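Engineer: Here's a structure for you.
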Amino acid sequence: MKFAHLADCHIGGWRDPKMRDLSTTAFLKIIDICIQEKVDFVLIAGDLFNTSLPGVDRLRIVTEKLKELQDQEIPCYLIAGSHDYSPSGKTMLDVLESAGLCMNVAKGSAKEGKLQLSFTLDKKTGIKITGLPGLRGGLDKNHYRKLIKKNLEEEKGEKIFMFHCSLNELKPEHLKEMEAEPLSLLPRGFNYYAGGHVHIVEKYSDENYPVVIYPGPGFPNNFAELEKLKHGGFYLVKDWKVGYIPIEIHPVCSFFLEVKGKSAEEVTMMLEQEIEGKKMKNALVTIRIEGKLSKGKPYDVDFKKIFKHCYDQGAYFVMKNTHKLESEEFREIQVNTHAIEDIEEVLMTEHAPQKSMIREMMHAFSDEKNEGERIVDFEERLFKAADQVLEKKEEK
Ligand SMILES: [Mn+2]
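The letter at position 337 of the sequence shown is residue 337 when you use our numbering, and the numbering goes up by one with no holes.
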């Protein structure tokens, strides 16, 4: 028995087209390896796409690739992540499933206010798969609290549980502020727990949960992930023995400079020295600068010149991060985290006593216009939802 476990491909993510192509390329490469390795099935633990309605070009590429898997008779099982799930619960994954290109295993029914999941059977291996989707803004918490675990734990045979949320037991130091759930919310006794959501490569094991895995993203999704992870990848599991397969599209070359008390001009010079002669052929170059400038503003650092140097030395793409570069006069708000939801969470905790109302309000306003819905109707619906949040507030 052999299967692949990937997550967080975020296809369509990255603003720059040159970078955006890379997450797609990584996904295609992963599926190619799955076919080469003749895996029995592929698991995608959420956030295949970066949005619930991806662009047509991205959608076409992914559809073609999933079709290739299907032609090889390799089933693809997945759950929706926090990104490929719209607030109205709609996701392009449903369309792919309707076309028979993948199977969403987060299937179940409501039972007396509780949630009962059912299994999807992989016919070839006899392995039973189930799981829960990830929802935006920590709404999946209730899902887990309402989950009936009895039938899942009592089910005989080999089982896989797919999830898309952060777990305390696997939380790394740099994400310690992120809200997370205890592993004990998941049903016990499965052979494998296929995770997604937290973009780290991590595994965990104890007597009740023999193998819990975060495979990390298919390709790093932002600046910090490029610095930290250097590449994406996935897990290949053979007879329950796991192995991480890194996927390198371009080498990553990272520069970090602490510039306390230097002038903008001096920083430019320091950077030039750093870069000079460094191997960066075909590389993704990240430049992070932190500290307080003695003279000049962050934008006085001559990045145009620095970027040109890098490209002259063969870099594929160059990017900078100066969020923690300050001048005497100006300080940006700093948040020590990277996912948008986490940033929102931290800012709300710091600045707003009525956190729950803000979250509900953001949720109300993040609703998308329905297909065929008139703009006036859409607006009215949003206002109504907002009114409801405010009314609830007054009742308290
Ligand atoms: Mn993700």
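Idealized CB from N, CA, C, for every residue including glycine. Quantities reported herein were computed from a predicted structural model and do not represent experimental measurements.
#1: By DSSP's criteria, L78 is part of a beta bridge. Which residues make up the other side?
#2: So is the beta-carbon of D40 under 6 Å away from any non-hydrogen atom of ligand 1?
#3: Answer yes or no: do V237 and G216 have a C-beta to C-beta separation smaller than 7 Å?
#4: In the DSSP assignment, find the alpha helix (DSSP H) that holds M178 and state where it starts and stops.
#5: Does M348 come out as helix, strand or coil in the three-state DSSP assignment?
#6: Taking Cβ positions, are E290 and E258 nearer each other than 7 Å?
#7: Kindly indicate which residue of M19, A283, M178 has the alpha-carbon position closest to the one of A315.
#8: Do you know how far the Cα of I343 is from the Cα of E350?
#9: Rounded to whole angstroms, what is the Cα-Cα separation between E169 and L53?
#10: Is the separation between the beta-carbon of Y268 and that of D302 shorter than 7 Å?
#11: Please name the residue, chosen from Y144, R188, K124, H10, that lies closest to I44 on a Cα-to-Cα basis.
#12: Could you tell me which of N104, V198, T286, S294 sits nearest to F307, measuring between CA atoms?
#13: Determine the burial state of G233: buried for a count of at least 16 other Cβ atoms within 10 Å of its Cβ, exposed for fewer.
#14: Can you tell me the Cα-Cα spacing of Q70 and G55, whole angstroms?
#15: Cα-Cα, which of I340, F383, A194, I249 is closest to V242?
#16: If you reduce the DSSP assignment to three classes, tell me which class I200 lands in.
#17: What's the gap between the Cα of R374 and the Cα of F27?
#18: Please report the distance separating the alpha-carbon of K324 from that of K260.
#19: Decide if S166 is buried, meaning its Cβ has at least 16 other Cβ atoms within 10 Å, or exposed.
#20: For my contact list, I148 and K107 are in at a C-beta cut-off of 8 Å; report their separation, rounded to the angstrom.
Structural biologist: Put simply:
#1: As a working note, residue 78 is residue 78 in the sequence shown. According to DSSP, which records beta bridges pairwise, L78 is partnered with I44, N104.
#2: The residue labelled residue 40 in the question sits at position 40 within the sequence shown. D40 Cβ: outside cutoff for every heavy atom of ligand 1.
#3: Reading the sequence shown from its first residue, position 237 is the one you call residue 237. Reading the sequence shown from its first residue, position 216 is the one you call residue 216. No.
#4: Your numbering for residue 178 matches position 178 in the sequence shown. No alpha helix (DSSP H) holds M178; DSSP gives it neither H nor E.
#5: Mapped onto the sequence shown, residue 348 falls at position 348. Under the three-state reduction of DSSP output, M348 falls in the helix class.
#6: As a working mapping, residue 290 is identified with position 290 in the sequence shown. As a working mapping, residue 258 is identified with position 258 in the sequence shown. Remark: C-beta atoms of E290 and E258 approach each other more closely than 7 Å.
#7: Taking the first residue of the sequence shown as 1, we reach residue 315 at position 315. The shortest Cα separation from A315 among M19, A283, M178 belongs to A283.
#8: Counting from 1 along the sequence shown, the entry for residue 350 is found at position 350. Counting from 1 along the sequence shown, the entry for residue 343 is found at position 343. Separation of E350 and I343 (C-alpha to C-alpha, rounded to the nearest whole angstrom) is 11 Å.
#9: Along the sequence shown, read from residue 1 onward, the residue named residue 169 stands at position 169. Along the sequence shown, read from residue 1 onward, the residue named residue 53 stands at position 53. Each residue's Cα considered, the two are about 32 Å apart.
#10: As a first step, residue 268 is located in the sequence shown; it is residue number 268 there, counting from the start. As a first step, residue 302 is located in the sequence shown; it is residue number 302 there, counting from the start. Correcting the residue type first, residue 268 is Thr in the shown sequence and not Tyr. Less than 7 Å divides the Cβ of T268 from the Cβ of D302.
#11: Here the question's residue 44 lines up with position 44 in the sequence shown. Minimum Cα distance to I44 is reached at H10.
#12: Numbered from its first residue, the sequence shown carries residue 307 at position 307. Nearest of N104, V198, T286, S294 to F307, Cα basis: T286.
#13: Sequence index remark: in the sequence shown, residue 233 carries index 233 (1-based). Label assigned to G233: buried.
#14: As a first step, residue 70 is located in the sequence shown; it is residue number 70 there, counting from the start. As a first step, residue 55 is located in the sequence shown; it is residue number 55 there, counting from the start. If you take the alpha carbons of Q70 and G55, they lie about 22 Å apart.
#15: Position 242 of the sequence shown, counted from the start, is the residue given in the question as residue 242. Among I340, F383, A194, I249, the Cα nearest to that of V242 is on A194.
#16: For the purposes of this step, residue 200 is identified with residue 200 of the sequence shown, where counting begins at 1. It is coil, neither helix nor strand.
#17: Sequence index remark: in the sequence shown, residue 374 carries index 374 (1-based). Sequence index remark: in the sequence shown, residue 27 carries index 27 (1-based). So the two alpha carbons sit approximately 36 Å from each other.
#18: Numbered from its first residue, the sequence shown carries residue 324 at position 324. Numbered from its first residue, the sequence shown carries residue 260 at position 260. So the two alpha carbons sit approximately 11 Å from each other.
#19: The residue given as residue 166 occupies position 166 in the sequence shown. Flag for S166 reads buried.
#20: Within the sequence shown, residue 148 is the residue found at index 148, counting from 1. Within the sequence shown, residue 107 is the residue found at index 107, counting from 1. Rounded to the nearest angstrom, the Cβ distance from I148 to K107 is 14 Å, too far for a contact under 8 Å.
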